[in-house]
Structure formats: C-alpha cells, structure tokens
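Participant: Mind looking over this structure? Questions follow.
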Amino acid sequence: MRISVISAAVCCALFPLISVSAAGLSVEQRLAQLEARLNLAEQQASEASRRAQRAEQQTAAAEQRAAAAEQQVQALSQQTTAREQKQQATNQQLSEQLAKRAPDDGFTFNAYARSGMLVNSHGKGARGGPGVSPASSLNGDAHVGRLGNEKDNYAELSFGKKLTFNDGSWARFKTMLADGPPTRIRGFRITTATI
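Under mature numbering (1 follows the signal peptide of the UniProt record, and there is no 0), read the sequence shown as residues -22 to -1, 1 to 173, first letter to last.
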C-alpha cells in the first residue's frame, strides 16, 4: 500500500510535466517514461526503507550499549561504595585499637650514675668501707643509705618496653647495664657489671 501511495503521488506530481514535455511523444513512450520514473521512485523508496532499518538497528545497538554502560557505572558505583565502607570500617577499628592502648605502652629509659671520693676532716683521702658513710653518725649504722660520699664510681642504664595486646594480655621487657668497681664479700669477688 505504501508503494501504491508513493506511485500515485509520483504520478500526480509528474503528470503535468509529462503533458507539457510529451506533446510529441506517443502513448507507449510516455508510458515507458512513467514506468522508468516509477521504478526510480520505487528504488529510492526501498533505499530509504533500508536506511531507516539501518538507522533503527543502529539506534537499538546504541541503546544496548548505553544500557550496558549504565550497568557498568552502577556496578562501579556499588564497588566504590563497598570499598568506602570497608575503608571506614578499617579506620574505625584502627581508631578503636589506638584508643584501647594504655598510655604507659612504649619505651622507657632510666639512668643512674655516681662518682665520689672519701675525704677526712683535713680534706685528705680517707679509708672507706661498708661501714663508712655520711649516715654513720646515726647510732653507728652506716647502712642506712648511700648519700654520695662513696669512694667508687657507678653507672647504670635501664631500657624497658611494655606491650599490651588486643586480648588484654601484656608483656614487659627490661634490659639493664651496670658498671662499677669489683667488690669482695667473704672472699668472693663480685662484679656489678651485669647484662
């Protein structure tokens, strides 16, 4: 029906021209020209129909690609959201673990050193021993404390580390270095250098 409508439109449009230009042509010649024009119009109509079909196919393919791209965007958006949530959860766990840590966790360093000499009331060197100290005037008890009037030199370093674990358990590591003169107790030589 479409071709007949197109044919009729072509015939109506071309008929006045044919009558003007075909004054000297026979009916068969005019009919042959009309058929040629009709065939040309049909070819053009079929070409237009093919173009329309190709355009529809391209449009459908473009719509499919657009739908696929939209699905990819949604999938990427979901992945991004999931990663952001995971990152937030990790950050929250980290901040909770940092908040749980005891303030005394960490490294400690302690040091003690002394150096002294014994002098008598004349400012000369004096003999010392375990019973001689500035506290010896207290009822003869020289072992009350060491107040800095020793004849020896002594140094001590202490390094410590305390760890508190997630389950509440803890561990403390301590290393101590000390050095001083060797002493004799009941015939045994005792050194204060320990590790």
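Glycine included, every Cβ here is placed at the ideal spot set by N, Cα and C.
Suppose you measure from the CA of glutamine 56 to the CA of glutamate 62; what does that come to, to the nearest Å?
Facilitator: Counted from its first residue, the sequence shown places residue 56 at position 78. Counted from its first residue, the sequence shown places residue 62 at position 84. So the two alpha carbons sit approximately 10 Å from each other.
Participant: To the nearest angstrom, how far is the alpha carbon of alanine 23 from that of glutamate 34?
Facilitator: Position 45 of the sequence shown, counted from the first residue, corresponds to residue 23. Position 56 of the sequence shown, counted from the first residue, corresponds to residue 34. Alanine 23 and glutamate 34: Cα-Cα distance of roughly 16 Å.
Participant: Rounded to the nearest angstrom, what separates leucine 16 and alanine 38 at their Cα positions?
Facilitator: As a first step, residue 16 must be located in the sequence shown, where it is residue number 38. As a first step, residue 38 must be located in the sequence shown, where it is residue number 60. Their Cα atoms are separated by approximately 32 Å.
Participant: Tell me the DSSP secondary structure of methionine 154 in three-state form.
Facilitator: Here residue 154 refers to the residue found at position 176 of the sequence shown. Strand at methionine 154.
Participant: Which same chain residues end up closer than 6 Å to tyrosine 90 when comparing Cβ atoms and leaving out the 5 residues on each side of it in sequence?
Facilitator: Translated into positions along the sequence shown, residue 90 becomes position 112. Cβ within range, chain order: Glu134.
Participant: Who are the near neighbours of serine 27 in its chain, counting only those whose CB is closer than 8 Å to its CB and skipping five residues on each side?
Facilitator: Your numbering for residue 27 matches position 49 in the sequence shown. Counting only Cβ-Cβ distances below 8 Å, and skipping sequence neighbours, we find nothing.
Participant: Which residues share a DSSP beta bridge with lysine 140?
Facilitator: Translated into positions along the sequence shown, residue 140 becomes position 162. Looking at the DSSP assignment, lysine 140 forms a beta bridge with Gly84, Arg150.
Participant: How many angstroms separate the CA atom of residue 180 from the CA atom of glutamine 65?
Facilitator: Absent from the model: residue 180. The displayed extent of the chain is -22 to 173, so no value can be given.
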